Structures are given as C-alpha cells and as structure tokens.
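2 protein chains.
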Amino acid sequence: MDSGSPTLPSSPWLPFESRRRARDEKREAVLRTAVQLFLEQGYHRATLNDVAERLNITKPALYNYFRSKHEILFECWSMGADLVDSVITEINAGGGSGLIKLRKLVHSYAELMATDFGASLVRFDLRDLAEKDAGVARAAKKRIDATFRKYISSGIADGSIKRCDPKLAAFAIAGALNWIGHWYRRDGTSSPTDIADEFTARLTEGLAAVAIPNHNSKQKTPSAPLRRETRRKAPGKKRTGGAS
Amino acid sequence: MDSGSPTLPSSPWLPFESRRRARDEKREAVLRTAVQLFLEQGYHRATLNDVAERLNITKPALYNYFRSKHEILFECWSMGADLVDSVITEINAGGGSGLIKLRKLVHSYAELMATDFGASLVRFDLRDLAEKDAGVARAAKKRIDATFRKYISSGIADGSIKRCDPKLAAFAIAGALNWIGHWYRRDGTSSPTDIADEFTARLTEGLAAVAIPNHNSKQKTPSAPLRRETRRKAPGKKRTGGAS
DNA sequence: ACTTTTTCTTACCTATGGGTAAGATTACAG
DNA sequence: CTGTAATCTTACCCATAGGTAAGAAAAAGT
Numbered sequence: 656m657d658s659g660s661p662t663l664p665s666s667p668w669l670p671f672e673s674r675r676r677a678r679d680e681k682r683e684a685v686l687r688t689a690v691q692l693f694l695e696q697g698y699h700r701a702t703l704n705d706v707a708e709r710l711n712i713t714k715p716a717l718y719n720y721f722r723s724k725h726e727i728l729f730e731c732w733s734m735g736a737d738l739v740d741s742v743i744t745e746i747n748a749g750g751g752s753g754l755i756k757l758r759k760l761v762h763s764y765a766e767l768m769a770t771d772f773g774a775s776l777v778r779f780d781l782r783d784l785a786e787k788d789a790g791v792a793r794a795a796k797k798r799i800d801a802t803f804r805k806y807i808s809s810g811i812a813d814g815s816i817k818r819c820d821p822k823l824a825a826f827a828i829a830g831a832l833n834w835i836g837h838w839y840r841r842d843g844t845s846s847p848t849d850i851a852d853e854f855t856a857r858l859t860e861g862l863a864a865v866a867i868p869n870h871n872s873k874q875k876t877p878s879a880p881l882r883r884e885t886r887r888k889a890p891g892k893k894r895t896g897g898a899s
Numbered sequence: 656m657d658s659g660s661p662t663l664p665s666s667p668w669l670p671f672e673s674r675r676r677a678r679d680e681k682r683e684a685v686l687r688t689a690v691q692l693f694l695e696q697g698y699h700r701a702t703l704n705d706v707a708e709r710l711n712i713t714k715p716a717l718y719n720y721f722r723s724k725h726e727i728l729f730e731c732w733s734m735g736a737d738l739v740d741s742v743i744t745e746i747n748a749g750g751g752s753g754l755i756k757l758r759k760l761v762h763s764y765a766e767l768m769a770t771d772f773g774a775s776l777v778r779f780d781l782r783d784l785a786e787k788d789a790g791v792a793r794a795a796k797k798r799i800d801a802t803f804r805k806y807i808s809s810g811i812a813d814g815s816i817k818r819c820d821p822k823l824a825a826f827a828i829a830g831a832l833n834w835i836g837h838w839y840r841r842d843g844t845s846s847p848t849d850i851a852d853e854f855t856a857r858l859t860e861g862l863a864a865v866a867i868p869n870h871n872s873k874q875k876t877p878s879a880p881l882r883r884e885t886r887r888k889a890p891g892k893k894r895t896g897g898a899s
C-alpha cells in the first residue's frame, strides 16, 4: 500500500546531494514527517524506517536528533500542546464574559484539531510515552481541561452561561472538539473555518428550536445536578455499568 | 507487569479443575477478558499471553476459539456495534419528533460508552482489523452516523430542531458522546446515568443562558504558528511542567 | 591540504510476540 | 474400560522493528 508518498513536507535531505541546512530545521522536518506518518498509519504500524525513507535518509540517521521512537512521539505531541497553550494564553489576555471566552476557545481549538500537530494531541496514546513524558502530557491535558471548566464556571458566575455541571459540560465540549481530530480530512467538504463556526454555534447555542418541553427519558433525576463539583462519594448507589 | 489481576470477569477455566462448560461461554469469556485488556493497555501492548494468563490458560488454547488476534479485536468491536444497533432499532420502533428521538439516542449512547464493549467501539483502531472486517466496521459506523443525521434532519423538518448543518451537528454530538469512552472511569464521581442526563441536556439545549448576542467569533486565530513565540513566565527552553 | 567534528550508511544484534506442531489430557460415547 | 473427538500444554518457529557498532563521507576548523 501507499507506494509513492507524494513528497509531503519537503525533506531537507535531497535524495543524494547537498546536505547542509541547520540542525533544528532537520529536527523539525523529522517531526513533521513523523506526525504525519503516525496519524496516517498509527504509531505502532509506522516504523522508523518508514519515517527515514520519506526523508531520504536511513533509520540510524534519526538517532542523531532523537534518542528513541517515543521521544519523537512526545515531541510531536508537545508541538500540539504548545499550540493550545498559546491559544489559551491569548484568550486569557483578552477580556469578555465566560461565554465569550469559551466561544473563542471552541473556535480556535476546532481549527487546531484540523492540523497534524493538533490532531496528534488527541490521537496519540499517552501510554506509548515514557513514564516521565506521560506525566508531563497528563499535566498539560489537565491544564487544558481546567481552562474549559474555568471559562464555564466563570460564565455561570457572570450569568452568560446557564447553570450546569462544569465538569461534564467541559467534557462534552472538549469531546466534540477532540473528535474533529479523528474525522477531519483535508479533502473533505467542510473547511476548518466552517467546522469551527458551526461547532461554536452548536456547542453553545444548542440544537433545540424551543425550550425543551419535558424530559421524556427514563431518567429519575428531574434535571441536571445543580451543585457544581459536588464531592459526594456516594457509595450507596453502586452503579454497575453492566452492558444493558 | 500487572501481577495480580483481581479475578475480573470470573474465568470459566478454574485453575486446574473441572473444564466443562459450553463452548460459547468460553468464547465469550475470552472476549470479555480481551476487551478489558485491550482497553486497559491498548491493543498492541496487550499480548495474547496476557489474555490467556488472565483466563488461567495458555496462548495456544485461544486458537481453539479464534483464528487470530485481530479476529478477537473485531469480535469485541462487533459486540459494541450490536449494542448500538439494538438501541437504534428500539428508538426507531418508537415515535416522537426528531428531537425526541435524538435525545433518546444521546441518552442511551452515553450509557453505552460507559461499558467495555461500548468503549471498544470508539477506542479500537479499525486499521488493526483485517481489511474485510474493517469494511464491515466502517459500514456499521456509517450507519450509526447516518442515524444521528437522520434524526437531526427530521427534527429540522418537523420544527423541533433549529436549522443547522446536520452533518456537523451529528459529528459534534457523536464526538462528545464518543469521548466518554475515553475518559469514563468506573470509580469516577459521575455515574453513567448522571453523564447521560447531563449530556442529553447540554447537547440539545446548549449552554448559553440567553440567545447569543452577536457573532464575535470572527477573530483572527493563529492557524498554525509553528514557531513558538508564546510568552511564558519562565524562559525555560523546555515545556513548563507545572500544572496551572 | 590536513585534521577534527558532525553527520550519515552499511551491517548487525536481539527482544518481542503472533502463530504453529505435535503430543498430552480430558470428556464422552459405547 | 476403550476408543474417539474435543481441548489444552509444552516447545518451538520466525518475521518484525527498535536500537547499536563501526566506519565512511561531508562540513568545519586551522
């Protein structure tokens, strides 16, 4: 499968010619190629030989820039994390209600998910990282999640967002966004901007044409839990998640 | 690794005793153990030796029930797909507006994502399947996606759902739901029902307290700033590990 | 030019884990 | 108790792919 890789992120290593170029430039070229291959085939199926081949070099040459395969994976992941961090920094610097900040975040995050490094944030398995790197990654994810929750909570406080469970609402929004990294294709019909616009609307304004008439489902609780972050460890309920 | 597996889905193979039991029962026990291990460690890290060990048997014994590792993977995946299919069948049999059907689907699907076989539906990589099986799986996924879109479209038609892009709206909802399979933990604070209730509300009613004032989201987002010029507190070259 | 340092290649090592062969063990029929 | 079919175990094969050694080929320094 996949015979001729169509010269994707033009390699600094020309087939058999001049090989000067700065070191950092080559390092980054490795990452761009690696992230592409990891997304394309999956981390375990993509081999370092594959990566090297696309760059017109051989596998051991990669070890001049990285110490291991998981280090490459981690650096790719970090590129994505840095992108998100800069988005968050920018939004935090600006003003606006909780809802406005949330909408900005949703929009930018959606566009990020349509990039290779952005998608790597959610498509790579942190269990493939060295324990040390995995810790860093988990912390970064936690920061991002905390940001979503913070915007939602402050939106509830300032009245721009209706009362809800910030944790679950953040999961719902982040989930919808993260999933973009799984289905988005460059050759699809929706552009990243289209997607970002629609998601911004749907995830904040909802779908229902009018206020929901009544809760038809078989649920028992009349409505969503009204308290935020209630730390109840209810051992009494014992929900077994058995396959229905 | 993983010394003491606490006798999870009680194995029909007792350590060294009676080994009768029906064949199908054993087959299913393999699937239950496999799906658990695949979710726990990831398909590539989990070995058939691991699976066998948890069942008090040896690897070759598994080949009496399955022809290959990816066949096991596919069967696990299929279990999840069957669950979704039966949910959809039931909803289709009932009545209600597009919105009502959509809400039913969201609720049931959310609960499904909190089960092993349900999560396997979205956590397993279809590229690990044989091409033939992958085709079947893709078709099943397509059917599910089509159902979401159908409910949304009919909801728009009958006036219960506001005008929107059914494709993107379906992706947003399915994404939020699928993500449950990635973060849900049995020992977490939210029960599957809690999650399902909250998601049903958030994904249909939205978050905004009032009609969105104006579309401010046309900001210029940094599409892909590969250079890191993010202002960080510390000028460290590496990522700051501190959370928050 | 000559040396030194960096970069890259050829050739190799080796652990892992999916899968198989062949024979033991069990269940069951008669 | 005996024969047959199933199930399971011990022992093995082997392709793959991450990683290393050692030296060639450039680049850079003098």
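First to last, the protein sequences are chains C and F. One rule links them: number in the working numbering = place in the first sequence (from 1) + 655. One rule links them: number in the working numbering = place in the second sequence (from 1) + 655. Even for Gly, the Cβ is constructed at its ideal location relative to N, Cα and C. Computed from a prediction, not measured in an experiment: that's the story for all the values here.
| said: By the three-class DSSP mapping on this structure, what secondary structure does C:Ile712 have? | reply: Taking the first residue of the first sequence as position 1, residue 712 of chain C is located at position 57. The DSSP-derived three-state label of C:Ile712 is coil.
| task | Would you decide whether C:Gly753 is buried or exposed? Buried here means 16 or more other CB atoms lie within 10 Å of its CB. | result | Walking along the first sequence from the start, residue 753 of chain C turns up at place 98. Flag for C:Gly753 reads buried.
| request: Apply the 10 Å Cβ neighbour rule to C:Pro715 and answer buried if 16 or more other Cβ atoms are within range, or exposed otherwise. | output: Position 60 of the first sequence holds residue 715 of chain C. By the neighbour-count rule (16 or more Cβ atoms within 10 Å), C:Pro715 is not buried but exposed.
| query | Exposed or buried, F:Asn833, counting other C-beta atoms within 10 Å across all chains shown (16 or more means buried)? | reply | In the second sequence, residue 833 of chain F corresponds to position 178, counting from 1. Answer is buried; the Cβ neighbour count reaches 16.
| said: What residue range does the alpha helix (DSSP H) around F:Phe772 cover? | reply: Walking along the second sequence from the start, residue 772 of chain F turns up at place 117. In the DSSP assignment, F:Phe772 falls within the unbroken alpha helix (DSSP H) covering 771-778.
| said: For chain C, check one thing: does any of its Cβ atoms lie closer than 9 Å to the Cβ of F:Ser861? | reply: The residue given as residue 861 of chain F occupies position 206 in the second sequence. One detail in the question is off: residue 861 of chain F reads as Gly in this sequence, not Ser. Closer than 9 Å to the CB of F:Gly861 there is at least one CB belonging to chain C.
| said: Please tell me whether C:Ile828 and C:Leu757 are closer than 9 Å, where the distance is taken between their beta carbons. | reply: Counting from 1 along the first sequence, the entry for residue 828 of chain C is found at position 173. Counting from 1 along the first sequence, the entry for residue 757 of chain C is found at position 102. Less than 9 Å separates the beta-carbon of C:Ile828 from that of C:Leu757.
| message | Tell me which residues share the same chain as F:Arg778 and place their Cβ nearer than 7 Å to its Cβ, disregarding the 5 neighbours each side in the sequence. | response | Here the question's residue 778 of chain F lines up with position 123 in the second sequence. Exclusion of the five residues before and after F:Arg778 leaves Leu694, Gly836, His837 as the residues of its chain whose Cβ lies within less than 7 Å of its Cβ.
| When you check each C-beta in the stretch 823-845 of chain F against every C-beta of chain C, which residues fall closer than 9 Å? | Per Cβ criterion, the list reads Leu823, Ala824, Phe826, Ala827, Ile828, Ala829, Gly830, Ala831, Leu832, Asn833, Trp834, Ile835, His837, Trp838, Tyr839, Arg841, Thr844, Ser845.
| task | Measure the alpha-carbon distance for F:Leu732 versus F:Ala707 and round it to whole angstroms. | result | Here residue 732 of chain F refers to the residue found at position 77 of the second sequence. Here residue 707 of chain F refers to the residue found at position 52 of the second sequence. This sequence places Trp at residue 732 of chain F; Leu is not what is there. Going by C-alpha positions, F:Trp732 is about 19 Å away from F:Ala707.
| task | Determine the chain C residues that contact F:Cys819 at a beta-carbon separation under 8 Å, and present them in chain order. | result | Numbered from its first residue, the second sequence carries residue 819 of chain F at position 164. Correct list: Glu853, Ala856, Arg857, Leu862.
| said: Restricting to runs no shorter than 4 residues, where is the alpha helix (DSSP H) found entirely within the stretch 679-727 of chain C? | reply: Entirely contained in the stretch 679-727 of chain C, the alpha helix (DSSP H) runs reaching 4 residues are, in chain order, 703-709, 714-717.
| said: Along the chain, where does the alpha helix (DSSP H) containing C:Ala825 start, and where does it finish? | reply: Within the first sequence, numbered from 1, the residue matching residue 825 of chain C stands at position 170. Run containing C:Ala825: 821-838, per the alpha helix (DSSP H) assignment.
| Is the Cβ-Cβ distance between F:Gly830 and C:Gly861 less than 9 Å? | Within the second sequence, residue 830 of chain F is the residue found at index 175, counting from 1. Within the first sequence, residue 861 of chain C is the residue found at index 206, counting from 1. No, these two residues do not count as a Cβ contact at 9 Å.
| query | With a Cβ-Cβ cutoff of 9 Å, do F:Gly773 and F:Gly810 count as a contact? | reply | Position 118 of the second sequence, counting from 1, holds the residue named residue 773 of chain F. Position 155 of the second sequence, counting from 1, holds the residue named residue 810 of chain F. Contact flag unset, no.
| task | Classify F:Arg758 as helix, strand or coil using the three-state DSSP reduction. | result | Locating residue 758 of chain F in the second sequence gives position 103, counting from the first residue. Three-state DSSP puts F:Arg758 in a helix.
| request: Output, in chain order, the set of chain F residues within a Cβ distance shorter than 7 Å of C:Ile850. | output: Translated into positions along the first sequence, residue 850 of chain C becomes position 195. Simply Leu823.
| query | Which residues, taken in chain order from the stretch 768-787 of chain F, show a beta carbon closer than 7 Å to some beta carbon of chain C? | reply | The stretch 768-787 of chain F vs chain C, Cβ under 7 Å: Ala769, Thr770, Phe772, Asp780, Arg782.
| task | Given a cut-off of 9 Å, decide if F:Ala785 and F:Phe729 are closer than it, judged by their beta-carbon atoms. | result | The residue labelled residue 729 of chain F in the question sits at position 74 within the second sequence. The residue labelled residue 785 of chain F in the question sits at position 130 within the second sequence. Less than 9 Å separates the beta-carbon of F:Phe729 from that of F:Ala785.
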